[in-house]
Structure formats: C-alpha cells, structure tokens
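The following block contains the structure:
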C-alpha cells in the first residue's frame, strides 16, 4: 500500500507545486514507484510533466479533480510506494479529499508571518480530518531577523516542523523550468542535498 503525501497550503506562491514535483522525484530513488497527482486547477504540474524528456527518472503522473481524484488515489494506493498530491491553493473540496486520503500532510511555509497566517486554514483542515501534518520551511535564508521571528512563532505554537529546511535557491526554479527535479538537474547541488535529506526523513517518518 502506498504512502499518501498531500502537499497543501492555502496561500499561493508558497512553492507548493515545486515541492510536490521535487519530492516525487526524490522519493523515487532508489527503485520506488511514485505517482504524482495534480488537483490544482492552475495545473502547473501538468506543464512541468509535459517538459520531462525521455530518459528522466520514471514517474507516473495524472491530473485529477472532483470524484476522479478519489478514484485516482484509491487506484494508485494499491500499486505505488508513494503517491504525492499537489492540492488547490485554497481549502475547497479537492483539498479536503486530498487531506482526508493522506497519511501525512506537508505544508510549505515561506519565512513570513502572512504565510504563517495563511497556513492556519490548512492546519485546521488537517486537524479537522485528524491527519498528521508537518510544516516544511521553504525558501529560507541562512540567517536574518524574519527567519528568527517566524521560527520563534512556530516554536511558541508548538507547531510540528520538519527539521530539514529548503533554502532560497535558484536551482529549484531552474529544475522546474526543465521539467526536472533538482536531484536530476543538479544532483551535486546544495538544493539536491536538501531535497534528498527531506525525502529520507519522510521515508523514516512514514516507515517506507
């Protein structure tokens, strides 16, 4: 049975689709079957997947919404090792379907208080559905007052945060523009190391 990972965040521009794509690629190594499902009406991943060239890492992809989304999740749950879901940037029906089906919900969060406030709706959705969730700090600068303010606020709230963070690195955007994960386009980069480390922690967290 597959581990279902829903990547969700109400605020647009938080790096949700980029995280879903890169995570799906990274979870595929070594030798795991990964399915990436896009239920975001912006369909960024549809375009990303269309750019993938022959010879890249094997990855199954499907764009689904509404009742088809539940059917797709159930179908792939039986045959894959991981199913990664990119959800709509608002708490609508498809987001609830994805969160309800998930074994874990990942919430990408940029280092700003508006992003944290916007994440509250997604956190509430996960809590309402009684699903475990983790915040992934994304586009993080190495130092800075804003980083300190956000991490302190998360600590005050006792929010579950992945210890692995993703830096504000151009390698992620470059890889996405090529239809690749950063572990494919620039495997020796700091960005690739961050993504592999995050994927490894998620495997341990979900016992895969």
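Numbering (the UniProt record's numbering), first residue to last: 1 to 208. Glycine is no exception: its CB is placed at the ideal position from the N, C-alpha and C atoms. Since the structure is predicted, the reported quantities are computational estimates derived from the model, not experimental observations.
Less than 8 angstroms between the CB atoms is what I'm expecting for residue 177 and residue 23, so what's the real figure, rounded?
-> Within the chain shown, numbered from 1, the residue matching residue 177 stands at position 177. Within the chain shown, numbered from 1, the residue matching residue 23 stands at position 23. So it is not a contact: roughly 17 angstroms between Cβ atoms.
In the structure shown, what three-state DSSP assignment does residue 27 receive?
-> As a working mapping, residue 27 is identified with position 27 in the chain shown. It is helical.
Quick one: using the 10 Å Cβ neighbour count with 16 as the cut-off for buried, is residue 53 buried or exposed?
-> Here residue 53 refers to the residue found at position 53 when the chain shown is read from its first residue. Within a 10 Å sphere around the beta-carbon of residue 53 sit fewer than 16 other beta-carbons, which makes this residue exposed.
Nearest-angstrom Cα distance between residue 191 and residue 93?
-> As a position in the chain shown, residue 191 is number 191, starting the count at 1. As a position in the chain shown, residue 93 is number 93, starting the count at 1. The alpha-carbon atoms of residue 191 and residue 93 are separated by roughly 33 angstroms.
Could you spell out where the alpha helix (DSSP H) holding residue 150 opens and where it closes?
-> If you number the chain shown from 1, residue 150 lands on position 150. Note, residue 150: alpha helix (DSSP H), 145–157.
Helix, strand or coil: how does DSSP classify residue 129 here?
-> Taking the chain shown and counting its residues from 1, one reaches residue 129 at position 129. In the structure shown, residue 129 adopts coil according to DSSP, grouped into three states.
Close-in-space but distant-in-sequence residues of the same chain around residue 115 (CB under 7 angstroms, 5 per side omitted) = Numbered from 1 along the chain shown, position 115 holds the residue referred to as residue 115. Taken in chain order, the residues that qualify are 11, 14, 109.
Relative to the C-alpha of residue 189, which residue among 171, 34, 127 is closest?
-> Counting from one through the chain shown, the residue named residue 189 turns up at place 189. For the residues 171, 34, 127, the minimum Cα distance to residue 189 belongs to 171.
Can you say whether residue 117 is buried or exposed, counting buried as having 16 or more other CB atoms within 10 angstroms of its CB?
-> The residue labelled residue 117 in the question sits at position 117 within the chain shown. With fewer than 16 Cβ atoms within 10 Å of its Cβ, residue 117 is classed as exposed.
Tell me whether residue 183 is buried or exposed, calling it buried when 16 or more other Cβ atoms sit within 10 Å of its Cβ.
-> Within the chain shown, the letter at position 183 stands for residue 183. Buried: at least 16 other Cβ atoms inside 10 Å.
Quick one: grab the DSSP three-state call for residue 1.
-> For this step, residue 1 is matched to residue 1 along the chain shown. In this structure, residue 1 counts as coil in the three-state DSSP scheme.
Count the CB pairs spanning the segment 39–58 and the segment 145–158 that are closer than 8 angstroms, and state whether there are at least three.
-> Counting C-beta pairs closer than 8 angstroms gives fewer than three between the segment 39–58 and the segment 145–158, which falls short of the contact rule.
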